[in-house]
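**Student:** Supplied in structure tokens, the structure appears directly below.
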Amino acid sequence: MSHLSDPYADPVENRSRLRFAGGLFVMGVLHFVVPKQFEKVVPGWFPDPKAAVVWSGVAELGSGVLLAVPKTSKMGGWLATATLVAVYPANIQMAVDATRSGSKPAAIASWLRLPLQFPMIAKAFRYTR
Numbered sequence: 090m091s092h093l094s095d096p097y098a099d100p101v102e103n104r105s106r107l108r109f110a111g112g113l114f115v116m117g118v119l120h121f122v123v124p125k126q127f128e129k130v131v132p133g134w135f136p137d138p139k140a141a142v143v144w145s146g147v148a149e150l151g152s153g154v155l156l157a158v159p160k161t162s163k164m165g166g167w168l169a170t171a172t173l174v175a176v177y178p179a180n181i182q183m184a185v186d187a188t189r190s191g192s193k194p195a196a197i198a199s200w201l202r203l204p205l206q207f208p209m210i211a212k213a214f215r216y217t218r
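Remember, this note's numbering sits 89 above the position in the sequence shown when you count from 1.
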């Protein structure tokens, strides 16, 4: 079977997928270990920051697990893509809050982080195929 017909036959691509899955899983765990850190960046217009953190944590955990298993990796790619798009407003809120705090390094880092989310979303979407 060639690499084109079996993407899991490519060891480099397989390791990349597993690293991405692991990163999502770890971030999901962190939602439950340090929830207050995540609640801080939930935009004020969202009605329930605790629920947002719980459900985004569950989605990241689920994405990680689904991506790690070849038979469910496409579903994991869809869930990861949707989750990363859904939490983007929190990334914007983080940048706004950092700017308001007066911490120039935090503000710069937060704003520079925003465009880096797009390659992550693209990578997650790549796993939907």
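Just so you know, even glycine gets a beta-carbon here, dropped at the ideal spot from N, CA and C. Nothing here was measured: the structure is a model prediction, and the numbers come from that model.
1. Could you check whether the segment 145-160 touches the segment 107-118, counting it as contact only if at least three pairs of C-beta atoms, one from each stretch, sit closer than 8 Å?
2. Between the beta-carbon of G146 and the beta-carbon of L156, is there less than 7 Å?
3. State the CB to CB distance for the pair I181 and L203, rounded to an integer number of angstroms; the pair is presumed to be in contact (CB under 8 Å).
4. Could you tell me the alpha carbon to alpha carbon distance between G111 and A169, rounded to whole angstroms?
5. Whose CA, out of A196, F121, V176, lies closest to the CA of V185?
**Tutor:** Concretely, from the data shown:
1. Judged by Cβ distances under 8 Å, the segment 145-160 makes contact with the segment 107-118, as three or more pairs qualify.
2. Against a cut-off of 7 Å, the Cβ pair of L156 and G146 comes out as no contact.
3. Going by Cβ atoms, the distance from I181 to L203 rounds to 7 Å, so yes, they are a contact pair.
4. Distance between the alpha carbons of G111 and A169: 12 Å.
5. The option with the nearest alpha carbon to V185 is A196.
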